[in-house]
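Visitor:
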Amino acid sequence: MVPDVSTGDTGRPLCLNCARKVVSPKSKNKYEALTSYLRFRAAFTDTVKLSFAQIDGIIGDNLPLTAYRSTEWWENSPSNVHAKAWVNAGWKVEEVNLKEAYVVFKKEVKAQPAPSSEKRKERKQKVPPQKPYTPPPSKIFIKRKPSKTKIAKLYARLKNIERIRTAQPKLRGDFKQKPAHEKRLLKPKRE
């Protein structure tokens, strides 16, 4: 936690991620993050299926309502600011499902002229480009249901607590009953 960066108020702390968002300069286009995301994914796959919620998270803002209501918003025309995001990254919209709220992007394959025989030999000798580093998959912890044995033990504990509470006599006022060992100590002796 750091003091509020915009006002310098130490009484109102911000987390470092929030402070970074406040201090970092805003980009001109809100869809630049989508462009960089699709460029990154181009190294791994030819198709990307994203839900509208995922796109909201990537761009850091909500999509306009027309994106949820009409397929025309998802057209691959470079004249639209939002469409430039995927067209400039080398992708095109393959499928839009407004009912289930997802879109499928497909990598555009640009037609290249047939290479001459000399260029073919050069290509065979070149080492293929290496893909960027992919981190190993992290282990996702799934909440398990407690076993029947644990449930039975907890249930038995609760029943014992209830039984003990009902067995104790209810005394009026703030009087507390003496423990058994004190009763034995203070018991009058019979002769």
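Numbering (our numbering), first residue to last: 479 to 669. Backbone N, C-alpha and C fix where the C-beta goes; we use that ideal spot for every residue, glycine too. A quick note: this is a predicted structure, and the numbers were derived from the prediction, not measured.
1. Between the C-alpha atoms of Asn540 and Ala634, what's the straight-line distance to the nearest angstrom?
2. Considering only residues of the same chain and omitting the five flanking positions on each side of Arg519, which have a CB-CB separation below 7 Å?
3. Would you tell me roughly how many angstroms separate the C-alpha atoms of Lys476 and Arg641, rounded to the nearest one?
4. Sorted by chain position, which residues of the same chain lie with C-beta nearer than 8 Å to Val559's C-beta, five sequence neighbours on each side aside?
5. Counting only runs of 3+ residues fully inside the segment 547-583, write out the beta strand (DSSP E) ranges in chain order.
6. With DSSP as the reference, label Leu541 as helix, strand or coil.
7. Since Gly538 and Ala511 are thought to touch, with beta carbons under 8 Å apart, how far apart are those beta carbons, to the nearest angstrom?
8. Between Lys577, Ala567, Leu528 and Lys570, which has its C-alpha nearest Arg547's C-alpha?
9. When you compare only the Cα positions, how much space is there between Ser557 and Glu550?
10. Using alpha carbons as the reference points, say which of Ile620, Ala531, Glu586 and Ala545 lies closest to Val565.
11. On a Cα-Cα basis, can you pick out the residue from Phe530, Tyr515 and Leu664 that is closest to Val574?
Guide: The structure says:
1. As a working note, residue 540 is residue 62 in the sequence shown. As a working note, residue 634 is residue 156 in the sequence shown. Taking the straight line from one Cα to the other gives about 51 Å.
2. The residue labelled residue 519 in the question sits at position 41 within the sequence shown. Within the same chain, and ignoring the five residues on either side of Arg519 in sequence, the residues whose Cβ sits closer than 7 Å to its Cβ are Val526.
3. Residue 476 is absent from the model: the chain starts at 479 and stops at 669.
4. Reading the sequence shown from its first residue, position 81 is the one you call residue 559. Answer for Val559: Asn507 and Tyr509, listed in chain order.
5. Complete beta strand (DSSP E) runs here, min 3: 569-575.
6. Within the sequence shown, residue 541 is the residue found at index 63, counting from 1. Of the three classes helix, strand and coil, the one that applies to Leu541 here is coil, per DSSP.
7. Counting from 1 along the sequence shown, the entry for residue 538 is found at position 60. Counting from 1 along the sequence shown, the entry for residue 511 is found at position 33. A Cβ-Cβ distance of about 6 Å is found for the pair Gly538 and Ala511, placing them in contact under the 8 Å criterion.
8. The residue given as residue 547 occupies position 69 in the sequence shown. When each option's Cα is compared against that of Arg547, the closest is Lys577.
9. What you label residue 557 is simply residue 79 of the sequence shown in a count that begins at 1. What you label residue 550 is simply residue 72 of the sequence shown in a count that begins at 1. C-alpha separation (whole angstroms): 13 Å.
10. Start at 1 with the first residue of the sequence shown, and residue 565 comes out as number 87. Ranked by Cα distance from Val565, the options Ile620, Ala531, Glu586 and Ala545 are led by Glu586.
11. In the sequence shown, residue 574 corresponds to position 96, counting from 1. Among Phe530, Tyr515 and Leu664, the Cα nearest to that of Val574 is on Phe530.
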